[in-house]
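> Going down the list, the sequences are from chains A, B and C. Per our numbering, the very first residue in the first sequence carries number 1; after that it's consecutive. Per our numbering, the very first residue in the second sequence carries number 443; after that it's consecutive. Per our numbering, the very first residue in the third sequence carries number 763; after that it's consecutive. We put the beta carbon where it would ideally sit given N, CA and C, even for glycine.
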Amino acid sequence: MVKKDVEKVDQASELSLSRRNVLGAGALVAGAGILGSQMIDPIAGIAHAAGSDNPIKIGFQAHRTGIGALYGRWYERTTNAAVKHINSIGGIAGRPVEIITEDDGTDPKRGADVVEKLATLHKVDFVFGTLFSHVVMGSAPRAGELKIPYFVVSEGYHVASGALNRYVFQPCITDVRAQISAVSGWLFNNLGKNVTLIYPDYAFGYNHRDYASAAAEKHGGKIVAKIAIPPTESSYTRYFVKIPKNTDVIYHVMVGPGVLTFVRELGEHFGPNHPQLFGFIDSLEGVNINSPGLDFLESSYFWEAMPRYASATDTAGSRFYRNAVGVDNSGASKSDSKDVAAYSHMFGCWETLFAIKEAVEQSGYKSKKDYATLIETMEGFTGFNEGIAHPQGAKAFSGKTHQCYGQQFISQVNGGKLNVVHKTSIADGMYEPETDYTKQSL
Amino acid sequence: MRKKSLVYSLFFQGGILLLLFVLQFILPTYHHSSVSKIMVLACYAVGYNFLLGYTGLMSLGHAMFFAAGMYAAGLGIYYLELSAMEGLLFGAVFTLVISLLFGLFALRTSGVSFLIVTLMFGQTFYLSILYFNEFTFGQDGFSLAKYLGKLVIFNKEYLYSNPDIRYNFALILLTTFLLISTLIMFSPVGRILIAIRENESRTQLLGYNVFYYKLFALVLSGTFSGIAGATHALLFTYVGNTFAEIHHSIAPLLWTLLGGAGTVIGPLFGTGIMFYLVDFISGVTSNYQLVVGVVLILMIIWFPLGIMGTIRQKWLKWLP
Amino acid sequence: MSSWINENGPLLFLALLDGTVTAFVLALIALGLSLVFGVMRIVNIAHGEFFMLGAVFSWFAFDLTNDPLWGFLLALVVAPAMVGSIAVFSDRFILRKVKYNPESTIVATIGLLYVIQSVTLMVFGPEARAVEAPLYFRIQFPWFGYSGYKLIVAGMSAFCLLGVWLLMKRSKLGLYMRATQQDLEIAKTYGVPTQKIYASVFALGGGLAALAGVLVVPIRQADHLMGLEPLLLSFIVVIIGGLGSIRGTIVAAFIIGISDGIISVFYEPTLAKMLATLFVAMVLVLKPGGLYGEEVA
């Protein structure tokens, strides 16, 4: 381990000094910063390939601090595991992959600065890794201005809606519109027709409100109440009183630290006679299902992008991935069972890195001059096969919307575990493309 | 003595601004862009300093003015299809009106009461962005990138995101703000503001209408902050409610104190140093907030005058 | 009329119930700020962080003992003591050094806020964690269920408030505190050890906030960012209620708690918050004699 560190330092300092002709004090400091982030950083276990002649540098915009810190931590571990594996099988187009991570504090203001720093200071080939939608909104336009490919791992609808630009892709994590469309059908047909929606009072919540309402019309269901909860809220009892008595199903998608309170208070409010519950695992990423106060969730249902609990029907690729990222069969870190993974999101990092690999290798990308070719090649992808590279499942991909489409899982909480009860097909979540990035100039 | 000080000041600041102008041809891309941003944020700090450093009024709600300018410009460009420059003007005027109304109301208090009033109004503004989120895009924010159009100078078209445009636009704004501040501070109005800072009741006893002077300072301070916000929207395109948060109100306080409250050039240094400090620290540890907190505490105990303030006290007495 | 009651009766009942619980807790959190504000004449921006520390310590106690009741009791004793010590330390090495200048203490306590928050992030982590209630039971009303523990919290807060009131009115420490609050110079001439009083008040303020954190955390959850909201609410309560006045704080907490409950249930919570903050600003601007009441402008 020590020897490798020394190698890392030598490689990094060679890179720092030879690529920089003009040495401003800032550049030296930045060089120290790179060394610093690779040596002193306690969180990441940086993986490096042995040879360093011509690495592919990928900038990782990480939510290391701020409200997204939980995701950031798991995104970073998954990224490092993916890079380790990719480098062990020869890297990308024979070149080793090097990840340079910068913290954006889950803050849109800093997001743009981080994109800037990765692109112009660290001179990375690509930038990826953002999750929170407001940070994506703050950062992606800058990537477009700097003309650097930007891969989002967000599940937001921003990319596919056409709000961003042609340099932005979301190739390996599905968007909320598709997710909602896919699971709503099952919900209305299996759980009940009268649904109360409870969602956070901003864009992410509005997506759920709008697309679930549209799905209701399609499947003969009825939205009997729409309850929007401001993000600053800490107590929810006042909202539960507004849930109509004829509600069959409560569809809830609360996120943020208050979720634990939300579920507990929901239980207190209803007691044993309660409507069916359908939630999204976003509410409980990183949280143990068996935490105090969550017993109310027993026999409720959750959407999952990738099932947290391992099962006998898992594919070989899925099992390989779970092992590589250090997660045990109940979705917690192998080294600390209290550290529960953000399992329905982090796979996006793994798969995106492989998607980048595939795009680079198929387009023959060598350097920034080849961005146009790379983008056009990726726009020509029609999907990805399931396997080690894409353990969540097979995906379809639309060059027009720069967005992938995949299967979704519906799980039920039974005896403190989540068991998959339904898998949707890719087609269940498809919708008409609302934009065509291929028509934009680069 | 005053005339000589004024001349020294103009030369000193002129020198720094000239240095900044020349720097754009040397700086590597990343630092070029960082300095552009620092200059815009420094304008915010210069505006803040006018109230804190010169008039002696501490505010914890200035993000309201910055965000008001930013949103007025942004929403104007988005919904009313204003051009970028019209948006900037709209932002400036909107903030001017808001500062005036706010000042008429809030300046009946002073000291800690005033601080809390600014804090409360700042919070209310932040909440109102969320409350009206169907209109303001709430927590997500929006990007002006596609709506800005081009800047036309001498019949040539430039994008607002063009690095040279950004840098020089910010530099021109900063120069203007510094010039206005310096001239005001050397004028009779400036001297009265300082008198108010030093001893308000005595100034009142001397017959000056302290209220109108404070109002003037507040409106100028608020408007400068709003223009900085509108400019930020134009040059960096993202409009979001994080610019209205309380942390964005604490920021200019930190920058101004570090650089030296009550000096004209202090805020620029404070902004620049904090930007690079956070940047550097983020490369070493993910917990830069700890460093910011420690810096604040150490500074207020050992260096309350800030960098330029200490320099002025010890060596360069003529510094404005 | 009767249909209005049928429809909205349960809502109103819930609003009052929730509002009462909120009011008691708020009173406890705000009281610490009120005392510090009133006696020391300074604004402690890090007050919310003391509350957060109480909640976080409570989680550690729960984690250590693995038993909700023992963890709770442990936290009840240890958390206020530890936070109180942090407060004394801050007073000695920070506040005293800036000589309790109002604006300098604001800056210093902002720094303290950042330090406390970031250290907590390092030690506790970024995610929110739940703490089990020491006593849990559910009360079933005809229209909805309600947490029995919440009512216990209200009761315990009331008890603590009474305790503080007794301290202030009946004990020597309380006497010294009130004397210092009324007139610092004269208190000094009478031999009141004002420096020690300042430290005690700051410790008491922090300790009360931490105590509130321990009580509240089973109803909510612990995370390192949870201090900002209570800080703002405390400000509102303290300003409306008057600095240093226990009675004022309780009355104001009730006004805020109940009206917040009612407006939030019948209208919109964000709107309720906006109105509350604006109302406070108005009070400050229009109140004759400014913040401290008896001061001459």
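Against residue 847 of chain C, what residues of chain B qualify as contacts under a CB-to-CB distance less than 9 Å, listed in chain order?
The residue you call residue 847 of chain C lines up with position 85 of the third sequence. Residues of chain B passing the Cβ test: none, with the nearest at roughly 18 Å.
> Strictly under 8 Å for the Cβ-Cβ distance: is residue 376 of chain A near chain C by that measure?
On the first sequence, position 376 is the one that residue 376 of chain A refers to. No, because no Cβ of chain C sits closer than 8 Å to the Cβ of residue 376 of chain A.
> Between residue 25 of chain A and residue 468 of chain B, what straight-line distance do the alpha-carbon atoms span, to the nearest angstrom?
What you label residue 25 of chain A is simply residue 25 of the first sequence in a count that begins at 1. What you label residue 468 of chain B is simply residue 26 of the second sequence in a count that begins at 1. Here residue 25 of chain A scores only 36 on pLDDT, less than 50, and its place in the model is too uncertain to base an answer on.
> Grouping DSSP H, G and I as helix and E and B as strand, with all else coil, what is residue 141 of chain A?
On the first sequence, residue 141 of chain A is found 141 positions in, with the first residue counted as 1. Residue 141 of chain A falls in the helix class under three-state DSSP.
> Measuring only between beta-carbons, confirm whether residue 240 of chain A sits less than 8 Å from chain C.
Position 240 of the first sequence, counted from the start, is the residue given in the question as residue 240 of chain A. Residue-level contact check: residue 240 of chain A touches chain C, since one or more beta carbons of chain C fall below 8 Å from its beta carbon.
> Whose C-alpha, out of B/699, B/639, B/473, B/590, is nearest the C-alpha of residue 524 of chain B?
Here residue 524 of chain B is taken as the residue at index 82 of the second sequence, counted from 1. Among B/699, B/639, B/473, B/590, the Cα nearest to that of residue 524 of chain B is on B/590.
> At what residues does the beta strand (DSSP E) containing residue 600 of chain B begin and finish?
Numbered from 1 along the second sequence, position 158 holds the residue referred to as residue 600 of chain B. That run of the beta strand (DSSP E) goes 598-601.
> Verify the CB distance criterion: does residue 894 of chain C have a CB-CB separation below 8 Å to chain A?
Counting from 1 along the third sequence, the entry for residue 894 of chain C is found at position 132. With 8 Å as the cut-off, residue 894 of chain C counts as an interface residue toward chain A.
> Pick out the complete beta strand (DSSP E) segments inside the stretch 393-434 of chain A, 3 residues or longer, and give them in chain order.
395-398, 403-406, 409-414, 417-423
> Could I get the ranges of all uninterrupted alpha helix (DSSP H) runs contained in the stretch 502-552 of chain B, with 4 residues as the minimum, in chain order?
You should have 505-521, 526-548.
> Taking DSSP's pairing of strands, which residues face residue 585 of chain B in a bridge?
Position 143 of the second sequence holds residue 585 of chain B. DSSP, once it has assigned bridges, lists B/680 as partnering residue 585 of chain B.
> Within the 8 Å Cβ cut-off, does residue 414 of chain A reach chain C?
Within the first sequence, residue 414 of chain A is the residue found at index 414, counting from 1. It does not; no Cβ of chain C falls within 8 Å.
> Roughly how many angstroms separate the alpha carbons of residue 413 of chain A and residue 281 of chain A, rounded to a whole number?
In the first sequence, residue 413 of chain A corresponds to position 413, counting from 1. In the first sequence, residue 281 of chain A corresponds to position 281, counting from 1. So the two alpha carbons sit approximately 11 Å from each other.
> Which residue wins for smallest C-alpha separation from residue 662 of chain B, given the options B/459, B/497, B/473, B/445?
Taking the first residue of the second sequence as position 1, residue 662 of chain B is located at position 220. Closest option to residue 662 of chain B, Cα to Cα, is B/497.
> Taking DSSP's pairing of strands, which residues face residue 595 of chain B in a bridge?
If you number the second sequence from 1, residue 595 of chain B lands on position 153. In the DSSP output, where bridge partners are listed per residue, residue 595 of chain B has B/598.
> Could you work out which residue in A/207, A/149, A/55 is closest to residue 96 of chain A when comparing CA atoms only?
As a first step, residue 96 of chain A must be located in the first sequence, where it is residue number 96. Checked all of A/207, A/149, A/55; the closest Cα to residue 96 of chain A is A/55.
> Assign residue 934 of chain C to one of three DSSP states: helix, strand, or coil.
Locating residue 934 of chain C in the third sequence gives position 172, where the first residue counts as 1. Residue 934 of chain C falls in the helix class under three-state DSSP.
> One question on the structure: do residue 359 of chain A and residue 382 of chain A come within less than 8 Å of each other, judged by their Cβ atoms?
By 1-based counting over the first sequence, the position of residue 359 of chain A is 359. By 1-based counting over the first sequence, the position of residue 382 of chain A is 382. No. Outside cutoff.
> Straight-line CA distance for residue 1 of chain A to residue 102 of chain A?
Translated into positions along the first sequence, residue 1 of chain A becomes position 1. Translated into positions along the first sequence, residue 102 of chain A becomes position 102. At residue 1 of chain A the pLDDT is 36, less than 50, meaning the model places this residue with poor confidence and gives no usable figure here.
> Apart from the five residues on each side of it in sequence, which residues of its chain come closer than 8 Å, Cβ to Cβ, to residue 556 of chain B?
In the second sequence, the residue the question calls residue 556 of chain B occupies position 114. Answer for residue 556 of chain B: 499, 500, 501, 548, 549, listed in chain order.
> Is the beta carbon of residue 189 of chain A less than 8 Å from the beta carbon of residue 219 of chain A?
Residue numbering aside, residue 189 of chain A sits at position 189 when the first sequence is read from its first letter. Residue numbering aside, residue 219 of chain A sits at position 219 when the first sequence is read from its first letter. Yes, Cβ-Cβ distance for residue 189 of chain A and residue 219 of chain A is below 8 Å.
> Going straight from the alpha carbon of residue 59 of chain A to that of residue 88 of chain A, what length do you get?
As a position in the first sequence, residue 59 of chain A is number 59, starting the count at 1. As a position in the first sequence, residue 88 of chain A is number 88, starting the count at 1. The straight-line gap from Cα to Cα measures roughly 20 Å.
> May I ask you to verify whether the stretch 904-919 of chain C touches the stretch 780-791 of chain C, counting CB pairs closer than 8 Å and requiring at least 3?
yes
> Tell me, please, whether the CB atom of residue 138 of chain A is closer than 8 Å to any CB atom in chain B?
Counting from one through the first sequence, the residue named residue 138 of chain A turns up at place 138. Taking 8 Å as the CB threshold, residue 138 of chain A lines the interface with chain B.
> Inspect the beta-carbon positions of residue 125 of chain A and residue 155 of chain A and report whether they are closer than 8 Å.
Against the first sequence, residue 125 of chain A aligns to sequence position 125. Against the first sequence, residue 155 of chain A aligns to sequence position 155. Not closer than 8 Å, so no.
> Which one or two residues does DSSP pair with residue 60 of chain A in a beta bridge?
As a working note, residue 60 of chain A is residue 60 in the first sequence. Answer by DSSP bridge pairing, in chain order: A/101, A/128.
> Label residue 620 of chain B either buried or exposed according to how many other C-beta atoms from any shown protein chain fall within 10 Å of its C-beta, with 16 as the threshold for buried.
One-based indexing of the second sequence puts residue 620 of chain B at position 178. By the 10 Å Cβ count, residue 620 of chain B comes out buried.
> Going by DSSP in three states, residue 168 of chain A sits in which element: helix, strand or coil?
Position 168 of the first sequence, counted from the start, is the residue given in the question as residue 168 of chain A. Of the three classes helix, strand and coil, the one that applies to residue 168 of chain A here is strand, per DSSP.
> For a contact defined as C-beta to C-beta under 8 Å, what are the partners of residue 144 of chain A on chain B?
To locate residue 144 of chain A, count along the first sequence from 1; it is residue 144. Going along chain B in sequence order, the residues near residue 144 of chain A (Cβ under 8 Å) are 587.
> Compare the C-alpha of residue 805 of chain C against each of C/961, C/863, C/820 and name the closest.
Position 43 of the third sequence, counted from the start, is the residue given in the question as residue 805 of chain C. The candidate whose alpha carbon is nearest that of residue 805 of chain C is C/863.
> Listing by chain order, which chain C residues have their CB less than 9 Å from the CB of residue 270 of chain A?
Locating residue 270 of chain A in the first sequence gives position 270, counting from the first residue. Neighbours of residue 270 of chain A in chain C, taken as residues whose beta carbon is under 9 Å from its own, are 906, 907 in chain order.
> Looking only at its own chain, which residues have a Cβ that is under 6 Å from the Cβ of residue 490 of chain B, when we skip the five neighbours before and after it?
As a working mapping, residue 490 of chain B is identified with position 48 in the second sequence. Excluding sequence neighbours, residue 490 of chain B sits near 504, 694, 698.
> Starting from residue 200 of chain A, trace the alpha helix (DSSP H) both ways and give me its first and last residue.
Position 200 of the first sequence, counting from 1, holds the residue named residue 200 of chain A. That residue, residue 200 of chain A, is in no alpha helix (DSSP H); its beta strand (DSSP E) goes 194-200.
> Using only alpha-carbon positions, find the residue among C/982, C/844, C/887 that is nearest to residue 70 of chain A.
Position 70 of the first sequence, counted from the first residue, corresponds to residue 70 of chain A. Of C/982, C/844, C/887, the residue nearest in Cα terms is C/887.
> Going by DSSP, what residue range makes up the beta strand (DSSP E) through residue 278 of chain A?
Here the question's residue 278 of chain A lines up with position 278 in the first sequence. From DSSP, the beta strand (DSSP E) with residue 278 of chain A extends over 276-280.
> Terminal residues of the continuous alpha helix (DSSP H) containing residue 113 of chain A?
Here residue 113 of chain A corresponds to residue number 113 of the first sequence, with the count starting at 1. 108-116 is the span of the alpha helix (DSSP H), which, as asked, contains residue 113 of chain A.
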